[in-house]
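Residue numbers are given in numbering that gives the first Met the number 0: position 106 of the sequence shown equals residue 105, and the series is strictly consecutive.
Yeah, the Cβ is synthetic: ideal placement off N, Cα and C, and Gly gets one too.
All figures in this text were calculated on a predicted structure; none of them were measured in a lab.
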Amino acid sequence: MNITKESIDALNAVVKIEISEADYQEKVAEVLKDYSKKANIPGFRKGHVPLGMVKKQYGKSVMIDEVNKLIQDSLNKFLVEEKLDILGNPIPKAQDDFSWDEKDYSFEFELGLAPQFDVNLDTKKKITQYNIVADDALIDKEVENLQKRFGKISAKDEIAEGVNITGVFKNEEKEIDKKYNFVLEDVKGKANQKKFVGKKVGDVIELKTKGLFADEHKLMGATGLTHDEVHGLNIPLTFTVEDITFTELAEMDQDFFDKVMGKDAIKTVTELREKIKEDAEGQFKSQGDQQLLNAITEYLIENTKFDLPADFLKRWLAVAGENPLTEEQAVEEFNRSEKGLRYQLIEGKIIKDNNLQITFEELKDYAKGFIKGQMAQYGNMNPEEKELEDIATRVLSNQDEAKRLQEQMMSAKLLDFYKEKMTFKTKKVTYENFVKEVYK
């Protein structure tokens with residue numbers, strides 16, 4: 000057997016594999032001999048079928064199968080030994096005059112090679128890092144929400160200002176059938192609110208999604224659709240009223256504080272507000288970090304220049320899936336996936352160049368921390384180490400869960416690295432202004 004590589008350019012190459020009969024003959028003979036021991040052919044006892052008959056009946060298919068195995072094994076070994084960093088998978092080149100009736104064969108495979116490039120973390124235009132703070136308006140709102148949660152609820156006959164409304168939103172075309180709870184003040188505009196006022200349990204209200212709620216996230220909750228799906232959505236909805244209640248706000252006394260934060264955890268309204276601010280800003284930090292990582296990702300894709308073996312990748316995409324794609328479909332798929340591929344290459348280089356790889360022990364410790372946090376939410380503040388170890392081992396045995404945790408951990412590791420190596424423009428904003436600026 001002879002394997003050679005011909006470089007077409009920096010991003011494309013062809014591997015040629017030449018196979019002679021001697022390379023596969025022994026393995027084919029071994030398989031056919033095993034067949035003769037197991038074959039069930041009428042007129043012969045099992046294990047006594049003549050080898051010549053087995054060879055005549057199965058010889059060609061066994062030879063083709065063994066040659067294909069030899070090609071694949073040899074090609075994979077060659078790629079590893081030559082340390083070729085390829086994109087996609089090798090594509091076999093068509094041969095018009097190829098015949099399996101020959102004894103010696105020659106195969107060629109096209110390769111798309113990963114580009115060589117450098118990543119510059121010295122940003123010319125500074126990326127904004129948001130410091131999201133909980134302002135008085137947000138804290139006031141959360142205090143009121145807590146007072147409602149622990150307040151006294153009474154039924155009301157009809158919808159009016161200040162009531163809680165529960166019912167089902169429906170739209171057949173979008174298959175919306177969603178039970179949702181909201182207050183009249185969530186509804187946008189006097190015209191829409193007027194449709195609700197005076198309605199009773201069992202009444203059906205005709206609505207439109209466009210401009211229904213002041214907050215688009217409310218529309219997401221009411222329809223069960225994603226942020227992208229509700230953006231600009233303008234379809235009819237029906238709303239069937241199921242429940243109307245009014246909540247009398249709880250008094251902010253020690254009994255209320257104990258219910259909200261635990262026995263004697265806080266004793267004053269000031270302490271409650273400080274705790275709300277602390278918890279909210281902890282959650283905002285996670286959102287701010289995710290936004291920062293997204294902004295860095297976009298910056299690196301935009302400012303790290305390199306070419307891709309685009310023509311090869313389009314041909315590979317056309318044949319890579321279960322169902323072949325047309326040339327036009329392959330081009331569309333490449334255009335959709337190019338950005339992700341570019342960041343995948345950038346991220347891979349950063350990880351490799353800075354030794355940011357994750358060990359199994361690191362992943363297990365991360366999983367244990369994640370599990371411990373979840374257990375704390377249910378009141379188990381000090382789980383035993385053996386219990387954490389057993390749960391983490393079980394979780395990581397699930398490949399999908401292990402991959403999800405590994406991706407989360409790598410994102411956190413990369414963000415810490417970026418924060419250490421890059422400089423940012425810090426901007427202090429309220430959560431409301433953060434949403435306006437980032438999500439527009």
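Check: Between F116 and K420, what straight-line distance do the alpha-carbon atoms span, to the nearest angstrom?
Finding: The residue labelled residue 116 in the question sits at position 117 within the sequence shown. The residue labelled residue 420 in the question sits at position 421 within the sequence shown. F116 and K420 have their alpha carbons spaced roughly 19 Å apart.
Check: Leaving out the 5 sequence neighbours to the left and right, which residues in its chain are closer than 6 Å to N299 when beta-carbon positions are compared?
Finding: Stepping through the sequence shown from its first residue, residue 299 is reached at position 300. In the sequence on display, residue 299 carries Leu and not Asn. Cβ neighbours of L299 within its own chain (closer than 6 Å, five residues either side excluded): I345.
Check: Looking only at C-alpha atoms, which of A133, D100 and E332 sits nearest to V428?
Finding: If you number the sequence shown from 1, residue 428 lands on position 429. With distances taken between Cα atoms, V428 lies closest to A133.
Checklist line | Best match in D306, V30, Y365 and Q373 for proximity to V61 [C-alpha to C-alpha] | finding: Numbered from 1 along the sequence shown, position 62 holds the residue referred to as residue 61. Looking at the Cα atoms, V30 is the closest of the given residues.
Check: CA-CA distance, E157 and V203?
Finding: To locate residue 157, count along the sequence shown from 1; it is residue 158. To locate residue 203, count along the sequence shown from 1; it is residue 204. Looking at the two C-alpha atoms, the distance is approximately 13 Å.
Item checked: Option nearest F441 by Cα separation, candidates A401, Y342, R341 and N353 -> This structure does not reach residue 441, given that the chain is present from 0 up to 439, and the question cannot be answered.
Note to self: Rounding to the nearest angstrom, what Cα-Cα distance links P470 and M52 in this structure?
What the structure shows: As shown, the chain starts at 0 and ends at 439. That puts residue 470 outside it, with no answer to give.
Item checked: Rounded straight-line distance, which links the Cα of I275 to that of E141 -> Mapped onto the sequence shown, residue 141 falls at position 142. Mapped onto the sequence shown, residue 275 falls at position 276. Rounded to whole angstroms, E141 and I275 show a C-alpha spacing of 8 Å.
Note to self: Starting from D135, trace the alpha helix (DSSP H) in both directions and tell me its first and last residue.
What the structure shows: As a working mapping, residue 135 is identified with position 136 in the sequence shown. Where D135 is concerned, the enclosing alpha helix (DSSP H) stretches over D135 to R148.
Next item on the list: Decide yes or no for the touch test of the stretch 297-316 against the stretch 118-130: beta carbon pairs closer than 8 Å, at least 3 of them.
Entry: Yes, the stretch 297-316 touches the stretch 118-130.
Check: Between which two residues does the alpha helix (DSSP H) containing Q282 stretch?
Finding: Sequence index remark: in the sequence shown, residue 282 carries index 283 (1-based). From DSSP, the alpha helix (DSSP H) with Q282 extends over V268 to N302.
Check: Does the Cβ of V235 have 16 or more other Cβ atoms within 10 Å, making it buried, or fewer, making it exposed?
Finding: Numbered from its first residue, the sequence shown carries residue 235 at position 236. A quick correction: the sequence has Pro, not Val, at residue 235. Around the beta-carbon of P235, fewer than 16 other beta-carbon atoms lie within 10 Å, marking it exposed.
Next item on the list: Leaving out five residues on either side along the sequence, give the residues of the same chain with a beta carbon under 6 Å from the beta carbon of E107.
Entry: Counting from one through the sequence shown, the residue named residue 107 turns up at place 108. So the list reads V13, K15 and K92, once near-sequence residues are dropped.
Notebook entry, point to check: Grouping DSSP H, G and I as helix and E and B as strand, with all else coil, what is K36?
Noted result: Position 37 of the sequence shown, counting from 1, holds the residue named residue 36. In the structure shown, K36 sits in a helix (DSSP, three-state: H, G or I).
Item checked: Which residues DSSP lists as bridging G166, in chain order -> Looking up residue 166 in the sequence shown gives position 167. According to the DSSP secondary-structure assignment, G166 is paired through a beta bridge with Y179 and V240.
Margin query: Please list the terminal residues of the continuous beta strand (DSSP E) segment that includes A12.
Written below: The count along the sequence shown starts at 1 and reaches residue 12 at position 13. Taken as a continuous stretch (DSSP letters only), the beta strand (DSSP E) holding A12 covers N11 to I18.
Margin query: Using a 10 Å radius around the Cβ and a threshold of 16 neighbouring Cβ atoms, would you call V229 buried or exposed?
Written below: Translated into positions along the sequence shown, residue 229 becomes position 230. Counting Cβ neighbours within 10 Å, V229 comes out buried, since at least 16 surround it.
Note to self: On a Cα-Cα basis, can you pick out the residue from L316, A154 and A319 that is closest to K199?
What the structure shows: Residue 199 sits at position 200 when you count from the first residue of the sequence shown. The shortest Cα separation from K199 among L316, A154 and A319 belongs to A154.
Margin query: I need the DSSP call for E321, collapsed to helix, strand or coil.
Written below: Counting from one through the sequence shown, the residue named residue 321 turns up at place 322. Note: E321 maps to coil in three-state DSSP.
Checklist line | Nearest-angstrom Cβ-Cβ length linking E109 and P89, presumed shorter than 8 Å | finding: In the sequence shown, residue 109 corresponds to position 110, counting from 1. In the sequence shown, residue 89 corresponds to position 90, counting from 1. Your pair E109 and P89 checks out as a contact, with CB atoms roughly 7 Å apart and the cut at 8 Å.
Next item on the list: Return no unless some Cβ of chain D is closer than 9 Å to the Cβ of T225.
Entry: No chain D is part of this structure, which consists of one protein chain only.
Item checked: contact_flag[the stretch 317-324, the stretch 347-358] where n(CB pairs < 8 Å) is 3 or more -> No: fewer than three Cβ pairs fall under 8 Å.
Checklist line | Opening and closing residue of the alpha helix (DSSP H) in which L50 lies | finding: One-based indexing of the sequence shown puts residue 50 at position 51. In the DSSP annotation of this structure, the continuous segment of the alpha helix (DSSP H) that includes L50 starts and ends at L50 to E80.
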